[in-house]
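S.K.: Structure provided below as structure tokens; questions to follow.
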Amino acid sequence: MDRRPATGRLAAGCDLSGRKRPPNCKVAMADNYRRAVSCSDLPERGTAAVEIDAVNVIICRDESGVFALENRCTHQESPLQGGRIRRGAIMCPMHGAPFALKTGACLSQLAYAPIRTFAVKVEDDWVFVDLTSPAVDAG
Ligand code: FES
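Counting from 0, one number per residue, gives the positions in the sequence shown under numbering that gives the first Met the number 0.
Structure (structure tokens):
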């Protein structure tokens, strides 16, 4: 799988791979979204860790949607990859602190600071992440 983020400017009328796209294609061209992971590489209830512009991001999916958070626990900075997804939260695999997927808020007293969240969109079987915008539900 190609985990490299899409970079550079694309010619009008091309998709992110540089192929010509149909006129009704909804791939946004003038925004900050970066291609993160193919939906086929993201388990139905699971995670995928990616690096986008030197930021470690964890893409999470559960029955309510797809979310992107910084891949670093605010307790002792352990990566969250490998953490279980449960009840709208990801559990840090190190000590078990749960963080809300939608807001990044820590749901226990193990850690107090929330995790950064990022805006996500899914198009053409790809998850795109905008590092410049928090998730819509983030506080
Ligand atoms: S490092 Fe995540 S809960 Fe301790």
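Where a beta carbon is used, it is the ideal one built from N, C-alpha and C, also for glycine.
Here's a check: name, in chain order, each residue in its chain whose Cβ is nearer than 8 Å to the Cβ of ARG145, leaving out the five neighbours to either side.
M.R.: Lying outside 0 to 138, the shown extent of the chain, residue 145 is not represented and no answer is given.
S.K.: Rounded to the nearest angstrom, what separates TYR111 and ALA96 at their Cα positions?
M.R.: 10 Å
S.K.: Using 8 Å as the cut-off, can you tell me whether the segment 119–133 makes contact with the segment 50–69, which would need three or more C-beta pairs spanning the two stretches below that distance?
M.R.: yes
S.K.: Give every residue of the same chain whose Cβ lies closer than 7 Å to the Cβ of SER63, excluding the five residues on either side of it in the sequence, and list them in chain order.
M.R.: GLY87
S.K.: Just to confirm, is the Cβ distance from VAL36 to ILE57 under 8 Å?
M.R.: Cβ distance not < 8 Å, so VAL36 and ILE57 don't count as in contact.
S.K.: What is the residue span of the beta strand (DSSP E) that ALA110 lies within?
M.R.: Run containing ALA110: none; DSSP gives neither H nor E here.
S.K.: So is ASP61 buried or exposed if we call it buried at 16+ other beta carbons inside 10 Å?
M.R.: buried
S.K.: If you run the structure through DSSP and keep just helix, strand and coil, what is PHE127?
M.R.: If DSSP states are grouped into helix, strand and coil, PHE127 belongs with the strands.
S.K.: Nearest CA to the CA of THR73: which residue from ASP40, LEU109, LYS101 and TRP125?
M.R.: LEU109
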